[in-house]
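The structure appears right after this line, and notes come after that.
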Amino acid sequence: MKFRTIRTLTSQAIKSLKRTTSLTTVLVIVACVLALSVFTLIAVNLTVMGQRMQAGVELRVYLKDDTTEALKNALEKSIRSISGVTKVVYVSKAEALERLGAQLGDENAFFFDDVPNNPLPASFDVSVRRADAASDIADRIRKMQGVDEIRYGPELVRNLVGALRVMWVITGAVAVLVLVGASMIVSNTIKLSVFARRREIEIMRLVGASDVFILFPFVVEGLLMGILGAGIASAIVFVAYWAVSDWVRAAAPFLQIVVDSEWLLRAALGVVAFGAVVGIVGSAMSVRKHLRVQG
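What follows is the structure, encoded as structure tokens:
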């Protein structure tokens, strides 16, 4: 197909796009993609926060009082050899007492005045790579000789991992619903365009025009509707996201939401690409049905 022909057919698609039905479809796509973008941004930020929290998951492994130096060294070596363990730090009884004193503060230092011996056990602070592996690692360490008790908040870890999985399942479901729903709306809009130009199409068939030549403007129209709708949605959501992120960073800096401009640009391009897919799928559904009818 020659460039001049493509330009002519594309201009026809743009003219058709100006119809009220097409503009309504664009607004529907905007609403659908807005919903998907919001869910995606929430899921991404929760994932980033979750990864930071997972990276900070730490097991406190308390040792028995009668643990010898040799057994302590062997235990540390065994813990380091476990897959998923990133760091092991030994905390002596004296260091544990210093930590507790720092936590209580000088005003509560009198608590230690009547304590003849240090009652706190020695321990290992064990950092793990992934929160979902913490339970298995804790079970392995618990069976080792010299270990008295392990604490790490398993319920919090399980809840965090579960919440992230649920959020991504919801986001995936929304993406599928948006793709199917918006594609059907685009398909119906293209059907109306085909019906409105049915006599013109019949004439083109009579003079020997190919199916590609006849239906190309409708495919381009669907593509443009998807790109335009997704482009408007991405502009709205990301401008709003920047404004909200500034407020969140000022009000709750500990949340550390994603504000990387390069990542946001890639996300915006991904949203536009998703809109293009919606437009192509919708127009393809309508065009294929038209070809079957004509065939």
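In this text, residue positions in the sequence shown follow my numbering: the first is 13, and each later residue adds one. C-beta atoms are modelled at their ideal positions from N, C-alpha and C, and glycine is treated no differently.
The C-alpha of residue 35 lies about 39 Å from the C-alpha of residue 262.
Here residue 98 has 139, 140 and 141 as same chain residues with Cβ atoms under 8 Å from its own Cβ, once five neighbours each way along the sequence are excluded. Setting aside the 5 residues that flank it on each side, residue 54 has no residue in the same chain whose C-beta is closer than 6 Å to its C-beta. Each residue's CA atom was taken as its position, placing residue 84 and residue 112 some 22 Å apart. A contact between stretches requires three or more CB pairs, one per stretch, nearer than 8 Å, and the region 238 to 247 meets this requirement with the region 284 to 295.
With a cutoff of 7 Å on beta-carbon distance, residue 75 and residue 134 are scored as near each other. In its chain, beyond the 5 residues on either side, 197, 198, 201 and 237 have a beta carbon closer than 7 Å to the beta carbon of residue 37. Distances from the alpha-carbon of residue 43 to those of 228, 244 and 152 put 244 closest. In the structure shown, residue 89 adopts helical secondary structure according to DSSP, grouped into three states. Fewer than three pairs of CB atoms, one per stretch, sit closer than 8 Å, so the region 175 to 187 makes no contact with the region 206 to 217. For residue 76, DSSP assigns no beta-bridge partner whatsoever.
Annotation: residue 102 is outside any alpha helix (DSSP H); the continuous beta strand (DSSP E) that includes it extends over 97 to 103.
Within the region 200 to 282, complete alpha helix (DSSP H) segments of at least 4 residues are found at 210 to 218 and 223 to 263, given in chain order.
Closest option to residue 158, judged by alpha-carbon separation, among 100, 205, 222 and 88: 88. Burial state of residue 228 is buried, judged by a 10 Å Cβ sphere holding 16 or more other Cβ atoms. If you draw a 10 Å sphere on the C-beta of residue 110, you find fewer than 16 other C-beta atoms in it, and that means exposed.
By the C-beta density criterion, residue 39 is exposed, having fewer than 16 other C-beta atoms within 10 angstroms.
Nearest C-alpha to residue 250 among 152, 212, 277 and 260: 277.
The C-alpha of residue 72 is placed about 10 Å away from the C-alpha of residue 102.
Looking at the DSSP output, residue 71 bridges to 138. Within the same chain, and ignoring the five residues on either side of residue 253 in sequence, the residues whose Cβ sits closer than 8 Å to its Cβ are 53 and 276. Here the alpha carbon of residue 259 sits roughly 25 Å from the alpha carbon of residue 175. Within the DSSP secondary-structure output, residue 163 pairs in a beta bridge with 72.
As the crow flies, the alpha-carbon of residue 232 is around 53 Å from that of residue 95. A residue is called buried once 16 or more other Cβ atoms fall within 10 Å of its Cβ, and residue 294 is buried on that count. Ranked by Cα distance from residue 234, the first of 93, 220, 163 and 194 is 194. In terms of Cα proximity to residue 49, the closest of 212, 220, 191 and 297 is 191.
Excluding five sequence positions before and after residue 70, the CB atoms of its chain that fall closer than 6 Å to its own CB belong to 137 and 139, given in chain order.
Residue 61 carries a helical assignment under DSSP once its states are collapsed to helix, strand and coil.
Excluding sequence positions up to five before and after residue 47, its CB lies within less than 8 Å of the CB of 186 and 190, all in the same chain and listed in chain order.
Measuring C-alpha to C-alpha distances from residue 152 to each of 93, 273, 208 and 41 identifies 93 as the nearest.
In the displayed model, residue 171 falls within a helix according to three-state DSSP.
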